[in-house]
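A.B. asks: I'd like to ask some things about the structure below.
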Ligand code: MF3
Ligand code: CO
Ligand code: CO
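Residue numbers (this note's numbering): 4 to 270.
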């Protein structure tokens, strides 16, 4: 997420993988819990409160709350917000898109995932951006091979997105995850040269979380709140995120939901 990291990442054994699986599973349950509330008229602050309470009631810990001073449990990124939007009293309204990014700590292990939701009836252009972003995440995931390279992910995503002309955000990226929120390896969603030699070893765990802008890939500096990142040109931005474990047999997606959009979903 923050900056490109070097070639060093933990390799998890079976017991540790089970810790990661449990964290991913709870995070997915949380996404399935909150989706019923993501409707026109709800405030992002209300969604934040619901996620906080569900997490605490289940004995787990919201990872974002207090992380580098972040003031809430979830990130809610509406329309031209690329990432790290802070929940507040903003009401979601017909035609909006909102990315809800959840991260939970379950018995010391982190799970991290996000979805972009369409609020009410959105325009065809908006729907296409969300569709291509969702598909781009799965293109990134399906390119994963044990002993492949991190650069394969960014190459596949950028190739897939090119015909649509959308900007693939470079400044924020996926990340290794485990007993820490953000660790090595960094996962750029574009083919960053330095990733050509970083291997995808069985036992590594990381997120794939492409952010696509309808216009330029560039992002503005954070708002005065210190967090909210918007597109530089004011265009819309969408994002999806899964936590993925590389196994000897290929990628295992740890944050798959029961009720959300499945691979191949048409928005
Ligand atoms: N969940 C975000 C990610 O995908 C990170 C949010 S950090 C916060 O990496 F502090 F803004 F919450
Ligand atoms: Co996230
Ligand atoms: Co993440």
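Don't be surprised by glycine CBs; every beta carbon is placed ideally from N, CA and C.
These numbers come from a predicted model, not from an experiment.
In chain order, what residues of the same chain lie with their CB nearer than 6 Å to the CB of residue 167, ignoring the 5 residues before and after it?
C.D. replies: Closer than 6 Å at Cβ, skipping near neighbours: 135.
A.B. asks: Out of 31, 94, 184, 23, which one is the CA nearest neighbour of residue 68?
C.D. replies: Comparing alpha-carbon positions, the option among 31, 94, 184, 23 lying closest to residue 68 turns out to be 184.
A.B. asks: If we count Cβ pairs, one from each stretch, closer than 8 Å, do we get three or more for the region 235 to 255 versus the region 137 to 149?
C.D. replies: yes
A.B. asks: Exposed or buried, residue 262, counting other C-beta atoms within 10 Å across all chains shown (16 or more means buried)?
C.D. replies: exposed
A.B. asks: Taking only heavy atoms of ligand 3 into account, decide whether any of them is closer than 8 Å to the Cβ of residue 244.
C.D. replies: Yes; taking the cut-off as 8 Å, the Cβ of residue 244 has a heavy atom of ligand 3 nearer than that.
A.B. asks: Who does residue 78 pair with in a DSSP beta bridge?
C.D. replies: 104
A.B. asks: Does the region 199 to 213 touch the region 224 to 239, meaning 3 or more C-beta pairs lie closer than 8 Å?
C.D. replies: no
A.B. asks: For residue 241 and residue 100, which I take to be in contact (beta-carbon distance under 8 Å), what is that distance rounded to the nearest angstrom?
C.D. replies: The pair is a contact, with the Cβ atoms about 6 Å apart (cut-off 8 Å).
A.B. asks: Cα separation between residue 126 and residue 194?
C.D. replies: If you take the alpha carbons of residue 126 and residue 194, they lie about 31 Å apart.
A.B. asks: Would you mind sorting residue 54 into buried or exposed? The rule is 16 or more other CB atoms within 10 Å of its CB.
C.D. replies: Label assigned to residue 54: buried.
A.B. asks: Among 211, 198, 91, 63, which has the Cα closest to the Cα of residue 180?
C.D. replies: 211
A.B. asks: Give the single residue among 19, 33, 17, 147 whose Cα lies nearest to the Cα of residue 258.
C.D. replies: It is 33 whose Cα lies nearest to the Cα of residue 258.
A.B. asks: Report the residue ranges of all beta strand (DSSP E) runs contained in full by the region 18 to 94; include only those spanning at least 3 residues, in chain order.
C.D. replies: 78 to 81, 84 to 86
A.B. asks: Please return the same chain residues whose Cβ sits closer than 6 Å to the Cβ of residue 200, not counting the five positions on each side in sequence.
C.D. replies: none
A.B. asks: Start and end of the beta strand (DSSP E) containing residue 239?
C.D. replies: Premise fails: residue 239 is in no beta strand (DSSP E) and is neither H nor E.
A.B. asks: Hey, residue 160 and residue 202: beta-carbon distance below 9 Å or not?
C.D. replies: no
A.B. asks: Classify residue 104: buried if its beta carbon has 16 or more other beta carbons within 10 angstroms, exposed otherwise.
C.D. replies: buried
A.B. asks: Pick helix, strand or coil for residue 214, following the three-state DSSP scheme.
C.D. replies: strand
A.B. asks: Please state whether the Cβ-Cβ distance between residue 234 and residue 222 is less than 9 Å.
C.D. replies: Yes, Cβ-Cβ distance for residue 234 and residue 222 is below 9 Å.
A.B. asks: For residue 90, does the count of other Cβ atoms within 10 angstroms reach 16, so buried, or fall short, so exposed?
C.D. replies: buried
A.B. asks: Alpha carbon to alpha carbon, how far is residue 15 from residue 63?
C.D. replies: 22 Å
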